[in-house]
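Novice: I'd like to ask you about the structure that follows.
Number of protein chains: 2
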Amino acid sequence: MVKLRSSAYAWLLLLVSMPVLAGRSGEPVQPIQPPKEINLALADLGKKLYFDPRLSRSGFISCNSCHNLSMGGTDNLKTSIGDHWAQGPINAPTVLNSSLNIAQFWDGRAKDLKAQAGGPIANPGEMAFTHPLAVSTLETIPGYVREFALAFGDDTIDIDRVTSALAEFEKTLVTPDAPFDRWLLGDDAAVSDMALNGYRLFKESGCVGCHNGAALGGTSFQKMGVVEPYVTQNPSLGVAGLTGADADRFRFKVPTLRNIELTYPYFHDGEAQTLTEAVDVMGRLQLGRRFTAAENQSIVAFLKTLTGAQPAFILPQLPPSVDATPRPEPFQR
Amino acid sequence: MVKLRSSAYAWLLLLVSMPVLAGRSGEPVQPIQPPKEINLALADLGKKLYFDPRLSRSGFISCNSCHNLSMGGTDNLKTSIGDHWAQGPINAPTVLNSSLNIAQFWDGRAKDLKAQAGGPIANPGEMAFTHPLAVSTLETIPGYVREFALAFGDDTIDIDRVTSALAEFEKTLVTPDAPFDRWLLGDDAAVSDMALNGYRLFKESGCVGCHNGAALGGTSFQKMGVVEPYVTQNPSLGVAGLTGADADRFRFKVPTLRNIELTYPYFHDGEAQTLTEAVDVMGRLQLGRRFTAAENQSIVAFLKTLTGAQPAFILPQLPPSVDATPRPEPFQR
Chain A
102 MVKLRSSAYA WLLLLVSMPV LAGRSGEPVQ PIQPPKEINL ALADLGKKLY FDPRLSRSGF
162 ISCNSCHNLS MGGTDNLKTS IGDHWAQGPI NAPTVLNSSL NIAQFWDGRA KDLKAQAGGP
222 IANPGEMAFT HPLAVSTLET IPGYVREFAL AFGDDTIDID RVTSALAEFE KTLVTPDAPF
282 DRWLLGDDAA VSDMALNGYR LFKESGCVGC HNGAALGGTS FQKMGVVEPY VTQNPSLGVA
342 GLTGADADRF RFKVPTLRNI ELTYPYFHDG EAQTLTEAVD VMGRLQLGRR FTAAENQSIV
402 AFLKTLTGAQ PAFILPQLPP SVDATPRPEP FQR
Chain B
102 MVKLRSSAYA WLLLLVSMPV LAGRSGEPVQ PIQPPKEINL ALADLGKKLY FDPRLSRSGF
162 ISCNSCHNLS MGGTDNLKTS IGDHWAQGPI NAPTVLNSSL NIAQFWDGRA KDLKAQAGGP
222 IANPGEMAFT HPLAVSTLET IPGYVREFAL AFGDDTIDID RVTSALAEFE KTLVTPDAPF
282 DRWLLGDDAA VSDMALNGYR LFKESGCVGC HNGAALGGTS FQKMGVVEPY VTQNPSLGVA
342 GLTGADADRF RFKVPTLRNI ELTYPYFHDG EAQTLTEAVD VMGRLQLGRR FTAAENQSIV
402 AFLKTLTGAQ PAFILPQLPP SVDATPRPEP FQR
């Protein structure tokens with residue numbers, strides 16, 4: 102009993118001496134939490150599927166092609182390249198921290214990661230495959246059959262299980278331990294004075310109204326162009342594309358600002374090439390505020406403190422096709 | 102002194118009790134040796150460059166796109182997909198163990214890995230960039246400038262250094278410890294009787310005449326279609342494309358058989374979809390021998406023992422572009 106008690110005291114002492122783990126109180130931004138309750142077998146299967154171009158008709162495009170985990174979970178292109186070099190209609194949002202979004206895609210048409218994952222596979226301008234063909238390809242691959250059995254208890258493969266595995270892997274793709282998170286957790290030296298000034302300005306000028314929470318975004322839909330209209334050649338209508346309502350025109354999910362230094366170019370059309378430009382446009386169009394060069398610079402310095410620990414895992418090895426596996430014919434129309 | 106001596110005896114004893122490390126004597130195939138004398142800073146830089154699509158005009162295609170290290174160092178397509186979905190003229194050879202080749206490309210036109218590495222970057226049907234543009238892109242990226250300085254002693258970036266780094270990384274991509282290597286090193290249980298029968302047949306029927314050494318290939322150029330002509334729609338002429346000599350028509354570098362289970366489809370035109378088909382065609386066209394179904398099966402079983410330990414490393418994180426970095430315009434012609 103004495104031993105137990107002394108160890109309880111030690112624990113209490115440890116708690117008292119630690120930085121504030123719940124975050125500086127009252128801040129509208131919270132540290133990213135590492136994922137909890139990950140099903141490792143499922144996530145490991147999902148990781149392979151994420152890197153597997155056999156989910157595309159061409160055998161060339163995988164999830165990682167456009168949500169590249171070496172590049173902030175994006176392709177760093179204005180809009181993505183799809184099957185037969187199709188020009189995508191919209192900027193590929195980062196997969197990093199996407200589990201924190203209230204819904205997926207810029208217009209929120211998928212309610213969660215699992216619902217999202219099936220979209221690109223069957224989109225003719227992206228992976229250009231069909232769910233039945235993707236599944237029937239996987240079913241021929243003994244390495245996958247074994248992994249589905251391990252993850253699900255039996256070796257049935259269907260699109261529901263494929264997307265469940267992809268979603269489970271994507272849940273692991275959070276990026277904690279950004280300099281700003283270390284500051285939130287009590288390390289005063291983690292960010293520069295300029296970045297802290299930028300954060301204050303970010304709060305005072307209203308950016309934080311939409312870009313708040315752990316992901317600094319991803320939790321609401323807002324109109325692009327509140328004070329001034331947004332002018333673009335990009336045909337995407339945002340939520341109006343789903344509802345047909347004029348009020349929803351250019352209403353998009355607010356993107357996360359996590360890892361924003363890595364996820365250029367910016368906006369749904371990818372037309373803002375730099376953070377300086379993005380901050381300037383957002384200030385003018387959303388807040389009616391022209392940031393001075395110094396203000397803009399401070400906010401950009403703050404935004405650069407939001408780059409967290411990137412996913413670190415061994416490049417997956419994909420189970421090979423066998424004689425019975427259908428072979429892609431990428432040059433057929 | 103006594104201690105030293107006893108430890109010398111222990112070493113001798115260990116040597117005597119170990120399997121034959123130099124390989125079973127007299128075999129025409131030797132175990133793959135792990136790489137020696139790797140410059141780690143250079144290889145690490147090369148790994149990033151290998152995964153970096155900013156070496157392509159589109160910003161979409163990296164070395165890993167067609168020599169995918171999740172897929173046996175190939176794209177598993179008949180011929181590769183290049184810029185604007187260009188249809189490549191030839192099957193992408195595996196990058197795995199390519200350091201063991203006497204020369205690079207199917208026709209051997211590059212004398213080594215370094216000479217090869219610059220080819221696809223500037224090939225209009227592959228990465229479609231130019232060496233000066235690739236270099237001037239890298240020069241704007243602070244993360245690369247630092248890594249070049251670390252690897253080379255100063256921060257000059259030029260194509261010679263880029264290809265040196267790529268080649269150094271590729272030197273690490275050897276795949277030791279295949280079941281057949283374990284057998285060669287003395288582990289009798291490492292391969293099945295059927296595979297051993299296949300190996301005997303592989304030697305007796307003459308396959309080993311060209312597919313020998315540590316890589317089972319990669320050390321000579323041979324005519325495709327010795328006994329019977331090879332019929333293909335593929336326009337590649339092999340060495341004749343370089344020399345113009347009729348005798349060199351369809352003379353190609355003998356491909357390695359290492360990891361052949363992963364590097365389907367087969368031949369320079371990728372027209373053999375399965376190992377069974379490849380073994381059959383090779384037997385008939387190169388050796389004038391029709392393998393029975395059972396013989397073919399044994400040889401295929403042997404070939405599948407050549408899959409070694411695949412490259413295992415953390416997915417690299419690429420240093421981000423900055424405001425000054427030129428942005429790719431993948432949809433411009």
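These protein sequences, in sequence, are chains A and B.
The first sequence begins at 102 in the working numbering and counts up one residue at a time.
The second sequence begins at 102 in the working numbering and counts up one residue at a time.
We put the beta carbon where it would ideally sit given N, CA and C, even for glycine.
Determine whether the Cβ of residue 278 of chain B lies closer than 8 Å to any Cβ atom of chain A.
Specialist: no
Novice: Return the first residue and the last residue of the alpha helix (DSSP H) that residue 253 of chain A is part of.
Specialist: 243 to 253
Novice: Tell whether a beta-carbon distance below 8 Å holds between residue 202 of chain B and residue 319 of chain B.
Specialist: Going by C-beta atoms, residue 202 of chain B is nearer than 8 Å to residue 319 of chain B.
Novice: Spatial neighbours of residue 190 of chain A within its chain, please: CB distance less than 8 Å, with the 5 preceding and 5 following residues excluded, ordered by chain position.
Specialist: Excluding its 5 nearest sequence neighbours in each direction, residue 190 of chain A has C-beta neighbours in its own chain below 8 Å: 180, 226, 335, 336, 337, listed in chain order.
Novice: Mind pulling the chain B residues with CB within less than 7 Å of residue 432 of chain A?
Specialist: 188
Novice: Kindly list the residues whose CB is nearer than 7 Å to the CB of residue 161 of chain B, restricted to its own chain and excluding five residues on each side of it in sequence; keep chain order.
Specialist: If we look at residue 161 of chain B and ignore the five residues flanking it on each side, its Cβ neighbours are 154, 431.
Novice: Going along chain A in order, which residues have a C-beta closer than 7 Å to the C-beta of residue 365 of chain B?
Specialist: 422
Novice: Would you say residue 362 of chain A and residue 408 of chain A are within 8 Å of each other, going by their C-beta atoms?
Specialist: A distance below 8 Å separates the beta carbons of residue 362 of chain A and residue 408 of chain A.
Novice: Could you pull the start and end residues of the beta strand (DSSP E) that residue 323 of chain B belongs to?
Specialist: Unbroken beta strand (DSSP E) run through residue 323 of chain B: 322 to 324.
Novice: In the stretch 205 to 223 of chain B, which residues sit with their C-beta less than 7 Å from some C-beta in chain A, listed in chain order?
Specialist: none
Novice: Please list the segments of the alpha helix (DSSP H) lying wholly inside the stretch 183 to 209 of chain A, counting only runs of 4 or more residues, in order along the chain.
Specialist: none
Novice: Under 7 Å between beta-carbons, which chain B residues line up against residue 394 of chain A? List them in chain order, please.
Specialist: The premise fails here: residue 394 of chain A is roughly 13 Å from chain B at the closest Cβ pair, so nothing lies under 7 Å.
Novice: Using beta carbons (cut-off 8 Å, strictly below), is residue 191 of chain A in contact with chain B?
Specialist: no
Novice: Give me the chain A residues within the contact set of residue 415 of chain B, using Cβ-Cβ distance strictly less than 8 Å, ordered along the chain.
Specialist: 413, 414, 415, 416
Novice: Return no unless some Cβ of chain B is closer than 8 Å to the Cβ of residue 170 of chain A.
Specialist: yes
Novice: Is any beta-carbon of chain A found at less than 8 Å from that of residue 232 of chain B?
Specialist: Chain A, which has no Cβ nearer than 8 Å to the Cβ of residue 232 of chain B, makes this no.
Novice: Any beta carbon from chain E within less than 8 Å of residue 182 of chain A's own beta carbon?
Specialist: Of the protein chains in the structure, A and B, none is chain E.
Novice: Pick helix, strand or coil for residue 410 of chain A, following the three-state DSSP scheme.
Specialist: coil
Novice: For a contact defined as C-beta to C-beta under 8 Å, what are the partners of residue 185 of chain A on chain B?
Specialist: 186
Novice: Is it true that the stretch 267 to 279 of chain B meets the stretch 395 to 410 of chain B, where meeting means three or more beta-carbon pairs spaced less than 8 Å apart?
Specialist: yes
Novice: Could you check what DSSP says for residue 304 of chain B in three-state terms: helix, strand or coil?
Specialist: helix
Novice: Against chain B, with Cβ distances strictly below 8 Å, would residue 333 of chain A count as a contact?
Specialist: No, residue 333 of chain A lies away from the interface with chain B (no Cβ there is under 8 Å from its Cβ).
Novice: Alpha carbon to alpha carbon, how far is residue 209 of chain A from residue 223 of chain B? Give it in angstroms, no decimals.
Specialist: 40 Å
Novice: Please report the Cβ distance between residue 266 of chain A and residue 252 of chain A, rounded to the nearest whole angstrom; I am assuming they are in contact, meaning their Cβ atoms lie under 8 Å.
Specialist: 7 Å
Novice: What is the DSSP secondary structure of residue 219 of chain B, reduced to helix, strand or coil?
Specialist: helix
Novice: By DSSP's criteria, residue 211 of chain B is part of a beta bridge. Which residues make up the other side?
Specialist: In the DSSP output, where bridge partners are listed per residue, residue 211 of chain B has B:205.
Novice: Touching or not, the stretch 413 to 427 of chain A and the stretch 409 to 421 of chain B, by the rule of three or more beta carbon pairs under 8 Å?
Specialist: yes
Novice: Which of the three DSSP states, helix, strand or coil, is assigned to residue 316 of chain B?
Specialist: coil
Novice: Do residue 238 of chain B and residue 427 of chain B have their C-beta atoms within less than 8 Å of each other?
Specialist: yes
Novice: Mind checking which residues open and close the alpha helix (DSSP H) that includes residue 435 of chain A?
Specialist: No statement about residue 435 of chain A is possible, as the shown extent of chain A runs from 102 to 434 and does not include it.
Novice: Have a look at residue 241 of chain B and residue 351 of chain B and give me their C-alpha separation to the nearest angstrom.
Specialist: 43 Å
Novice: So is residue 174 of chain A buried or exposed if we call it buried at 16+ other beta carbons inside 10 Å?
Specialist: buried
Novice: Shortest alpha-carbon distance to residue 147 of chain B belongs to which of B:159, B:163, B:212, B:130?
Specialist: B:163
Novice: Determine the burial state of residue 104 of chain A: buried for a count of at least 16 other Cβ atoms within 10 Å of its Cβ, exposed for fewer.
Specialist: The pLDDT assigned to residue 104 of chain A is 45, lower than 50, so where the model puts this residue is not dependable; a value taken from the coordinates is nonetheless given after this. By the neighbour-count rule (16 or more Cβ atoms within 10 Å), residue 104 of chain A is not buried but exposed.
Novice: Measure from the C-beta of residue 387 of chain B to each C-beta in chain A and report whether the shortest distance is under 8 Å.
Specialist: no
Novice: Does residue 264 of chain A pass the burial test, meaning 16 or more other C-beta atoms within 10 Å, or should it be called exposed?
Specialist: buried
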